[in-house]
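Reviewing the structure listed below.
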Amino acid sequence: MYNKDTVSIIIPVYNEEIHIEKCLNSIINQTYDNIIEILVLDGMSTDSTRDIIEKFENEKIRIIDNPKKIQSAGLNKGIEMAEGDIVVRVDGHALYDKNYVSGCVSTLNKLKSQNVVNVGGPTYLLTSKSYIENCIVFLHESKFGIGVAKFRQKDYQGFVDTVWNGAFWRWVFDKVGLYNESLARSEDNDMNNRILKAGYKIYQNKDIISYYKPRSSIKKIISQNFANGKEIGGSLITNREIVRIRHLVPLIFLLTILLFGATYRLFLLSKVIEVLALGSYFLIDILECIKIGSKNGIKYMPLMFILFFLLHIAYGAGTAVGFFKSLVFGRSK
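For the sequence shown, the UniProt record's numbering begins at 1 and goes up steadily by one.
Structure (structure tokens):
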């Protein structure tokens, strides 16, 4: 119905040898028949990512060097080169339902009169036979863990302040600018904030579905969330508009237990607040673990209990580090 709208797929990648073949196959097999190009922006991968891509005998696929290596730079290069009416951003770590692109195009068209310029959908996380990997999946899906934002909720459909990846009318970048290359991780939040400030809207359609493979180790998920928190902390100084209350909850929790823990023996009020803060936190933690255990197996409960706490502390600590680093040195340091 909307085949007049040409689509450019842009995929920033770096060392994605494990996932890139399946990702590209899911794009090649899309039902939408007016995808005119698939631009893979490679951040100079050191594994076999490029070799795998070059084996595809598809004239639409082009590998483009991204010497700056960061994702925002790759996205910008792809957008500048894109010839389609619509730019669909794709993550090389994910798979896409065969109707993903058609869903994006039809949703953009249906909501054009409402100033919607970016659309997306929920991401279904892929479980495996690995105990730890499944725990990490449950961590992402839990509202207590990472999944509190509307765009992370599978059944939510409606206007949002951001979506995962996104499909954009190409012209909107001429209006609001390209991605901010000084941002290591929150470039999508910054972009979507500028879109909203310009008077446009963002929409999540629950039928636009992708499948994502999250980090596979505890060390990686903790490091990732520390880095995410650090970026948010820096944004408190340099780009406060992209920060939401949900981003600051881990920092508030961390500061509360540290401050009142340090003065625990000095003041009765400190004892009360410390006990209430930790008690209420671990009560919610236990209840969430019971919920996950009842659905997926009680064997996941012990590690989930620990992971929730480590996740929130890491994110909160990262936020504090990012804030003070940006305050003292500025964004560039």
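Here a beta-carbon is modelled for each residue, glycine too, at the ideal position from N, C-alpha and C.
Note that the structure is predicted; figures quoted are calculated from it, not measured.
Where F168 is concerned, the enclosing beta strand (DSSP E) starts and stops at 167-169. Note that the stretch 302-310 touches the stretch 278-291; at least 3 beta-carbon pairs, one per stretch, sit closer than 8 Å. Relative to the Cα of N99, the nearest Cα in the group T256, F226, S210 belongs to S210. With the rule of 3 Cβ pairs closer than 8 Å, the stretch 87-103 counts as touching the stretch 5-23.
Residue pairing of D42 in beta bridges, as defined by DSSP: V13, D65. Apart from the 5 residues on each side of it in sequence, M191 sits with its Cβ closer than 7 Å to the Cβ of Y179 in its chain, given in chain order. Setting aside the 5 residues that flank it on each side, N225 is surrounded in the same chain by L311, A314, Y315, each with a C-beta closer than 6 Å to its C-beta; the list follows chain order.
Boundaries of the beta strand (DSSP E) around G120: 116-120. Of all C-beta pairs linking the stretch 42-57 to the stretch 12-31, three or more are shorter than 8 Å, placing the two stretches in contact. Under the three-state reduction of DSSP, E57 is assigned to coil, being neither helix nor strand. In this model, G279 and L126 are separated by some 33 Å (Cα to Cα).
Taking each of K150, L254, Y300, W171 in turn and checking the Cα distance to Y131, the smallest one comes out for Y300. Beta-bridge partners of Q204 (DSSP): G120, G158. Residue environment for T123: buried (at least 16 other C-beta atoms within 10 angstroms of its C-beta). Straight-line spacing of the CA atoms in H93 and Q204 works out to 20 Å.
Linking C23 to I136 through their CA atoms gives a straight-line distance of about 21 Å. Secondary-structure assignment with DSSP links L125 through a beta bridge to Y212. Taking the C-beta atoms as reference points, I38 is found no nearer than 7 Å to I53.
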